[in-house]
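Q:
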Amino acid sequence: MRAVITVIGKDMVGILARVSAICADNGVNVVEVTQSILQDLFAMIMMVDISKSTIPFSELADKLTAIGEDMNLTVHVMHEDIFNSMHRI
Amino acid sequence: MVNSHDILETINMIDNENLDVRTITMGISLLDCVDSDIGKSCDKIYDKICRYAGNLVKTGEDISKEYGIPIIHKRIAVTPIAMIAAACPTKSPVHFAKTLDRAAKATGVNFIGGYSALVHKGFGPGDYALIESIPEALSETELVCSSVNIGTTKAGINMDAVAKMGVIVRKLAEMTADRDCIGPAKLVVFCNAPEDNPFMAGAFHGAGEPDCVINVGVSGPGVVRAALAKAGNCDITSVADIVKKTAFKITRMGQLVAREASRRLFVPFGIVDLSLAPTPAVGDSVAHILEEMGLESCGAHGTTAALALLNDAVKKGGIMASSHVGGLSGAFIPVTEDAGMIDAAKCGSLSITKLEAMTAVCSVGLDMIVVPGDTPAEIISAIIADEAAIGMVNSKTTAVRLIPAIGKKAGDELNFGGLLGSGPVMEVNRYSPLKFIRRGGRIPAPMQSLKN
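Those sequence lines, one after another, are chains A and B.
Residue numbering for the first sequence follows the UniProt record's numbering, starting at 1 and increasing by one per position.
Residue numbering for the second sequence follows the UniProt record's numbering, starting at 1 and increasing by one per position.
1. Mind checking which residues open and close the alpha helix (DSSP H) that includes residue 422 of chain B?
2. Which chain A residues are close to residue 3 of chain B, counting only those with a beta carbon under 9 Å from its beta carbon?
3. Flag this pair as touching only if the region 365-373 of chain B and the region 321-331 of chain B have three or more C-beta atom pairs under 8 Å; answer yes or no.
4. When you check each C-beta in the region 62-78 of chain A against every C-beta of chain B, which residues fall closer than 9 Å?
5. Using only alpha-carbon positions, find the residue among B:397, B:387, B:297 that is nearest to residue 159 of chain B.
6. What residue range does the beta strand (DSSP E) around residue 343 of chain B cover?
7. Just tell me which of B:68, B:116, B:59 has its CA closest to the CA of residue 86 of chain B.
8. Could you tell me which chain B residues have their CB closer than 8 Å to the CB of residue 54 of chain A, listed as they occur along the chain?
9. Kindly list the residues whose CB is nearer than 8 Å to the CB of residue 89 of chain B, restricted to its own chain and excluding five residues on each side of it in sequence; keep chain order.
10. Would you mind telling me which residues of chain B sit closer than 8 Å to residue 58 of chain A, beta carbon to beta carbon, in chain order?
11. Can you find a CB in chain A that lies within less than 8 Å of the CB of residue 175 of chain B?
12. Mind checking if residue 45 of chain A is an interface residue toward chain B, Cβ cutoff 8 Å exclusive?
13. Short check: CB of residue 28 of chain A to CB of residue 67 of chain A, under 8 Å?
14. Quick one: any contact between the region 242-254 of chain B and the region 49-60 of chain B, if contact means 3 or more CB pairs under 8 Å?
15. Given a cut-off of 8 Å on the beta-carbon distance, is the pair residue 193 of chain B and residue 181 of chain B in contact?
16. How many angstroms separate the CA atom of residue 325 of chain B from the CA atom of residue 219 of chain B?
17. Would you say residue 59 of chain B lies against chain A (beta-carbon separation less than 8 Å)?
18. Just to confirm my understanding: we take residue 133 of chain B, look at its own chain, exclude 5 residues before and 5 after, and list those with CB closer than 8 Å. What are they?
19. Does the contact criterion of 3 or more C-beta pairs under 8 Å hold for the region 331-350 of chain B versus the region 265-284 of chain B?
20. Please list the partners that residue 36 of chain A has in chain B, where partner means a Cβ-to-Cβ separation under 9 Å.
21. So, residue 402 of chain B versus residue 135 of chain B, is the Cβ gap smaller than 8 Å?
22. Alpha helix (DSSP H) containing residue 44 of chain A: first to last residue?
23. Does the Cβ of residue 148 of chain B lie closer than 7 Å to at least one heavy atom of the ligand COA?
24. Buried or exposed: residue 436 of chain B, going by 16 or more other Cβ atoms within 10 Å of its Cβ?
25. Is the distance from the Cβ of residue 258 of chain B to the Cβ of residue 269 of chain B below 8 Å?
26. Does the beta carbon of residue 230 of chain B come closer than 8 Å to any beta carbon on chain A?
27. What is the DSSP secondary structure of residue 400 of chain B, reduced to helix, strand or coil?
28. Could you give the DSSP three-state label for residue 457 of chain B: helix, strand or coil?
29. What residues in its chain sit with their C-beta under 8 Å from that of residue 156 of chain B, if we drop five residues either side in the sequence?
30. Would the beta-carbon of residue 404 of chain B fall within 8 Å of that of residue 22 of chain B?
31. Does DSSP put residue 431 of chain B in a helix, in a strand, or in coil?
32. Cutting at 8 Å between CB atoms, please list the residues of its own chain near residue 75 of chain B, excluding the five before and the five after it.
33. Quick check on this structure: which residue in A:71, A:81, A:7, A:72 has the alpha carbon closest to the alpha carbon of residue 37 of chain A?
34. Using a Cβ-Cβ cut-off of 8 Å, state whether residue 4 of chain A counts as contacting chain B.
35. Going along chain A in order, which residues have a C-beta closer than 7 Å to the C-beta of residue 256 of chain B?
36. Where does residue 64 of chain B fall in DSSP's three states?
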């Protein structure tokens with residue numbers, strides 16, 4: 001099972017480090033990372049494998065959202081299927 | 001890897017354009033709860049609802065968190081209570097309403113629908129008593145919603161029921177006058193009521209439905225408006241295409257949620273209702289879509305045409321995105337629940353007569369319209385009759401949810417708060433339809449050929 005973590009906001013030092021540290025601590029494997037600019041904002045998209053995650057999905061989401069609040073960034077953690085179903089026939 | 005543009009588009013839709021799943025509604029049949037002892041029947045109903053829907057709210061919240069999609073409401077729809085109440089004719093059906101309210105609170109859902117009667121051809125056992133009890137039932141409960149079907153294309157319109165409903169709507173408003181007349185906001189009078197509608201206040205679990213079912217209602221007017229704004233100055237063909245593509249994406253999301261909810265709750269998936277359901281929030285308005293198409297204000301000449309296009313394109317886009325569609329499917333135009341409609345009504349651009357024309361081409365009908373507090377029952381009945389006639393002749397669902405604002409007159413405002421919103425009191429035509437309404441009887445079912 002894979003999930004997509006997105007971080008949107010003003011670019012700053014340590015975003016990737018903090019997000020990936022949480023993933024590593026909880027057995028979540030980072031599969032792919034891309035970065036782009038959306039409306040002058042930094043946008044990082046991280047595909048992660050959560051099949052070996054040591055914590056429930058909702059807890060992972062809460063931890064990552066907390067980082068976002070801490071760094072004034074918008075963090076979303078969403079199951080991959082939402083994008084597959086919305087954008088692929 | 002999913003395309004990063006697609007990911008950011010979805011997130012933008014949710015964060016900035018109010019994309020959400022409006023409701024997961026569990027339909028529960030209560031036919032096996034019938035008992036001539038009303039106490040026993042109420043116990044069976046309470047137990048069955050709590051047993052089936054005990055995990056509904058939690059499952060909805062889990063799905064919402066996992067997929068990152070806001071799911072605004074979790075609701076329950078039950079078998080029309082008139083069918084259950086028929087077995088205990090000497091007792092007040094209000095007991096059932098209170099049981100439903102208790103069950104809704106125990107399960108944590110936002111609303112429970114089905115305090116309903118289907119009387120399009122006449123009153124069966126239980127029907128009349130239930131309709132008579134609606135004012136008491138809705139004023140003494142919080143979460144119970146009620147609906148009455150007074151006409152169908154195949155049966156015609158029951159004018160006795162139409163006359164009765166005018167009186168009921170008024171009485172309900174009077175009984176809840178101390179609470180901004182909230183009562184009538186929970187009562188819908190239908191023609192051609194769908195049996196699988198997940199939206200309130202008109203949801204009930206039809207007699208042809210399975211024991212339990214999951215229906216999902218999507219939303220997303222803000223997403224459609226934003227897509228049209230991005231497209232700029234294109235022709236109407238392109239407008240229709242953009243609406244279709246957007247509706248497809250919105251509905252796919254609804255289908256995913258419906259499938260997941262159905263799997264986790266071990267309940268069959270029923271339908272996705274392809275609806276653009278507005279909220280009073282800025283950027284979540286159907287009226288603003290029409291204005292984005294090029295109308296200065298909703299209600300201007302051209303509104304009916306724009307709405308017809310929108311309603312049709314939403315269905316065309318959504319139908320391929322879901323394995324089963326149903327319910328009310330289309331664009332909703334509830335006045336008090338739509339920021340653009342509220343503004344249009346306030347500035348005088350939108351009138352009840354224009355809204356009536358709009359209902360001929362869109363989903364539902366005269367919805368959440370505040371009328372003066374001194375509007376007599378027969379005028380409310382006549383508005384219901386007009387609206388039912390539009391539904392009957394055009395083989396579509398129409399509904400009336402009027403709120404007589406007791407003690408207020410045209411130009412004043414009524415404020416419900418929350419998703420029910422607020423709205424100006426709109427004037428009605430004061431010429432009397434009393435003699436017509438008093439006649440009673442039935443309007444015969446219309447011709448299905450010689451369509452002119």
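Virtual Cβ for every residue (Gly too), placed ideally from N, Cα, C.
A: Checking against the coordinates, here is how it stands:
1. If you look at residue 422 of chain B, you'll find it isn't in any alpha helix (DSSP H); it sits in the beta strand (DSSP E) that goes 422-424.
2. Against chain A, the beta carbon of residue 3 of chain B has neighbours under 9 Å at 83, 87, listed in chain order.
3. Judged by Cβ distances under 8 Å, the region 365-373 of chain B makes no contact with the region 321-331 of chain B, as fewer than three pairs qualify.
4. For the region 62-78 of chain A, the set of residues with a beta-carbon nearer than 9 Å to any beta-carbon of chain B comprises 62, 74, 76, 77, 78, in chain order.
5. Residue 159 of chain B has its Cα closest to that of B:387, out of B:397, B:387, B:297.
6. Counting along the chain, residue 343 of chain B falls outside any beta strand (DSSP E), though it belongs to the alpha helix (DSSP H) covering 339-347.
7. The option with the nearest alpha carbon to residue 86 of chain B is B:116.
8. Those do not exist, as residue 54 of chain A stays about 17 Å from chain B at its closest Cβ, beyond 8 Å.
9. Result list for residue 89 of chain B: 125, 126, 129, in chain order.
10. For the C-beta of residue 58 of chain A, the chain B residues within less than 8 Å are, from N- to C-terminus, 62, 65, 66.
11. Not closer than 8 Å to any Cβ of chain A, the Cβ of residue 175 of chain B fails to qualify, so no.
12. Yes, its Cβ sits closer than 8 Å to a Cβ of chain B.
13. The answer is no: Cβ separation not under 8 Å.
14. The region 242-254 of chain B is not in contact with the region 49-60 of chain B.
15. Not a contact, by the Cβ cut-off of 8 Å.
16. In a straight line, the C-alpha of residue 325 of chain B is about 14 Å away from that of residue 219 of chain B.
17. Using beta-carbon distances, residue 59 of chain B does not count as an interface residue toward chain A, since no partner is under 8 Å.
18. Within the same chain, residue 133 of chain B has close Cβ partners 92, 93, 94, 97.
19. Contact holds: three or more Cβ-Cβ distances are below 8 Å.
20. Listed along the chain, the chain B residues whose CB falls inside 9 Å of the CB of residue 36 of chain A are 4, 5, 8.
21. If you check the CB distance, residue 402 of chain B and residue 135 of chain B do not come in under 8 Å.
22. No alpha helix (DSSP H) holds residue 44 of chain A; the beta strand (DSSP E) holding it covers 41-49.
23. With respect to the ligand COA, the structure shown offers nothing to examine, as it has no ligands at all.
24. With fewer than 16 Cβ atoms within 10 Å of its Cβ, residue 436 of chain B is classed as exposed.
25. The answer is yes: Cβ separation under 8 Å.
26. Interface flag for residue 230 of chain B against chain A is unset, since no Cβ pair is found closer than 8 Å.
27. If DSSP states are grouped into helix, strand and coil, residue 400 of chain B belongs with the strands.
28. The shown model of chain B, from 1 to 452, leaves out residue 457 of chain B, and the question about it has no answer.
29. 120, 121, 392, 442, 443, 444, 445, 446.
30. Against a cut-off of 8 Å, the Cβ pair of residue 22 of chain B and residue 404 of chain B comes out as no contact.
31. Three-state DSSP puts residue 431 of chain B in coil, outside helix and strand.
32. Around residue 75 of chain B: 23, 24, 25, 26, 109, 110, 111, 112, 113, 198, 200, 203.
33. Looking at the Cα atoms, A:7 is the closest of the given residues.
34. True, the Cβ-Cβ gap to chain B drops below 8 Å.
35. From the beta-carbon of residue 256 of chain B, the residues of chain A found nearer than 7 Å are 81, 82, 85.
36. Taken through DSSP and simplified to helix, strand or coil, residue 64 of chain B comes out as helix.
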